[in-house]
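Peer 1: Protein chains in written order, with my numbering: chain A, 1 to 128; chain B, 1001 to 1128.
Heads up, the beta-carbon is just placed ideally off N, CA and C, and yes, glycines get one too.
Being a predicted model, the structure only gives us computed values, none of them experimental.
Pasting in a structure now, in structure tokens, and then I'll have a few things to ask.
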DNA sequence: CTCCATCGTTTACATACGTAATCGACTACG
DNA sequence: CGTAGTCGATTACGTATGTAAACGATGGAG
């Protein structure tokens, strides 16, 4: 066979917060990431460092040395992460069908006017 | 003040599989639940027992004595679980907006012809 | 009445996750 | 040159989760 596919390891909730920062802007140092998340989540720099390490271990982040420290950047695209998470949910909860999800969101008023308009536009796209 | 809201405790992946069985049909005994999930997930009865206990602790299941054993039934509706999980995902990944989720599903071919038709119908409903 | 099958409960143990302190290396300042 | 600050790495520790064996009560078969 060959290089074993390494299907992307699962990213946890806390780790996800760190990824978001780096998807927004990268590469960044640990300290810079902390500047973005420590305040809102009430984390210490140490926590961010741990999460960064774990994400590197999970192959979700790449490091590039910059003098004495590292610069971190995403190695998986946000799109692909978001895609797989969405699919995971749709599979688990709706048997892989997207329509029931939509029905749910609609019923629970999770759809704004704008959402509806946008979705309509998307549908029109799809049919063309 | 009062009864503290007890916002529903988080149900794990394995636990969710058990819930699905009971949402499908209930009340059931532990053995009956096992009949439904042990084979496909490769679990032993012991595992199911543990999961059932944890779900009872989490207030997700109710028990009713039946002779020497218990009958288990869901105490939270599937709809409400599905709703909160969906919202969780939309919040985490799409800033609470549902439209981008659709864009994603659409792009990744996660939408079948049928899905599209159904969603169109739902949209029509919403606008009336 | 005795014993076995079966319950639910308790205990177990490895891995993951959240959160962080500590440590050894190195660099920049004095 | 020594020292204080900073870096990534290592270690820590509590809770959650996946998975299950062991235990004690008990009810039904003989």
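Give every residue of the same chain whose Cβ lies closer than 8 Å to the Cβ of residue 21 of chain A, excluding the five residues on either side of it in the sequence, and list them in chain order.
Peer 2: Here the question's residue 21 of chain A lines up with position 21 in the first chain. Cβ neighbours of residue 21 of chain A beyond the five flanking positions: 28, 33, 36, 37.
Peer 1: Give the interface partners of residue 1123 of chain B over in chain A, defined as CB-CB distance under 8 Å, in chain order.
Peer 2: Taking the second chain and counting its residues from 1, the one referred to as residue 1123 of chain B is at position 123. By Cβ distance, chain A contributes 116, 119, 120, 123.
Peer 1: Please say whether residue 1076 of chain B and residue 1060 of chain B have beta carbons closer to each other than 7 Å?
Peer 2: Counting from one through the second chain, the residue named residue 1060 of chain B turns up at place 60. Counting from one through the second chain, the residue named residue 1076 of chain B turns up at place 76. Yes, the pair counts as a contact, with Cβ atoms nearer than the cut-off.
Peer 1: Below 8 Å on the Cβ atoms is my guess for residue 1083 of chain B versus residue 104 of chain A; work out the distance and round it to an integer in Å.
Peer 2: Numbered from 1 along the second chain, position 83 holds the residue referred to as residue 1083 of chain B. Numbered from 1 along the first chain, position 104 holds the residue referred to as residue 104 of chain A. Correct: roughly 6 Å between the Cβ atoms.
Peer 1: Could you tell me whether the Cβ atoms of residue 1015 of chain B and residue 1055 of chain B are closer together than 7 Å?
Peer 2: Sequence index remark: in the second chain, residue 1015 of chain B carries index 15 (1-based). Sequence index remark: in the second chain, residue 1055 of chain B carries index 55 (1-based). The answer is yes: Cβ separation under 7 Å.
Peer 1: What is the residue span of the beta strand (DSSP E) that residue 89 of chain A lies within?
Peer 2: Counting from 1 along the first chain, the entry for residue 89 of chain A is found at position 89. Taken as a continuous stretch (DSSP letters only), residue 89 of chain A belongs to no beta strand (DSSP E), being part of the alpha helix (DSSP H) at 78-94.
Peer 1: Alpha carbon to alpha carbon, what distance is there between residue 1009 of chain B and residue 1062 of chain B?
Peer 2: One-based indexing of the second chain puts residue 1062 of chain B at position 62. One-based indexing of the second chain puts residue 1009 of chain B at position 9. For residue 1062 of chain B and residue 1009 of chain B, the distance between alpha carbons rounds to 14 Å.
Peer 1: Please name the residue or residues paired with residue 40 of chain A in a DSSP beta bridge.
Peer 2: Locating residue 40 of chain A in the first chain gives position 40, counting from the first residue. None; residue 40 of chain A has no bridge partner.
Peer 1: On the premise that residue 1089 of chain B lies in contact with residue 85 of chain A, defined as a C-beta separation below 8 Å, what is that separation, rounded to the nearest angstrom?
Peer 2: If you number the first chain from 1, residue 85 of chain A lands on position 85. If you number the second chain from 1, residue 1089 of chain B lands on position 89. About 7 Å separates the two Cβ atoms, so the contact holds.
Peer 1: Just curious, the alpha helix (DSSP H) that residue 53 of chain A is in, first and last residue?
Peer 2: Locating residue 53 of chain A in the first chain gives position 53, counting from the first residue. That run of the alpha helix (DSSP H) goes 45-57.
Peer 1: Determine, for residue 1083 of chain B, whether the minimum Cβ-Cβ distance to residues of chain A falls below 7 Å.
Peer 2: Your numbering for residue 1083 of chain B matches position 83 in the second chain. Yes, residue 1083 of chain B counts as interfacial toward chain A.
Peer 1: Cβ atoms of residue 12 of chain A and residue 73 of chain A: under 7 Å apart, would you say?
Peer 2: Residue 73 of chain A sits at position 73 when you count from the first residue of the first chain. Residue 12 of chain A sits at position 12 when you count from the first residue of the first chain. Going by C-beta atoms, residue 73 of chain A is not nearer than 7 Å to residue 12 of chain A.
Peer 1: Mind checking the segment 1098-1115 of chain B against chain A and listing, in chain order, the residues whose C-beta falls within less than 9 Å of any C-beta there?
Peer 2: Within the segment 1098-1115 of chain B, the residues whose Cβ lies closer than 9 Å to some Cβ of chain A are 1098, 1099, 1100, 1101, 1102, 1103, 1104, 1105, 1106, 1107, 1108, 1110, 1111, 1112, 1114, 1115, listed in chain order.
Peer 1: Closest to residue 58 of chain A by CA distance: which of A:121, A:120, A:7 is it?
Peer 2: Numbered from 1 along the first chain, position 58 holds the residue referred to as residue 58 of chain A. Selected option, being the one with the closest Cα: A:7.
Peer 1: Between the segment 52-66 of chain A and chain B, which residues of the former have a C-beta closer than 9 Å to a C-beta of the latter?
Peer 2: Flagged: no residues at all.
Peer 1: Going by beta carbon distance, what residues of the same chain come within less than 6 Å of residue 78 of chain A, once the five residues before and after it are set aside?
Peer 2: Position 78 of the first chain, counting from 1, holds the residue named residue 78 of chain A. The residues are 23.
Peer 1: Given a threshold of 16 other Cβ atoms within 10 Å of its Cβ, counted over all protein chains shown, does residue 1045 of chain B qualify as buried or as exposed?
Peer 2: By one-based count along the second chain, residue 1045 of chain B stands at place 45. Classification for residue 1045 of chain B: exposed.
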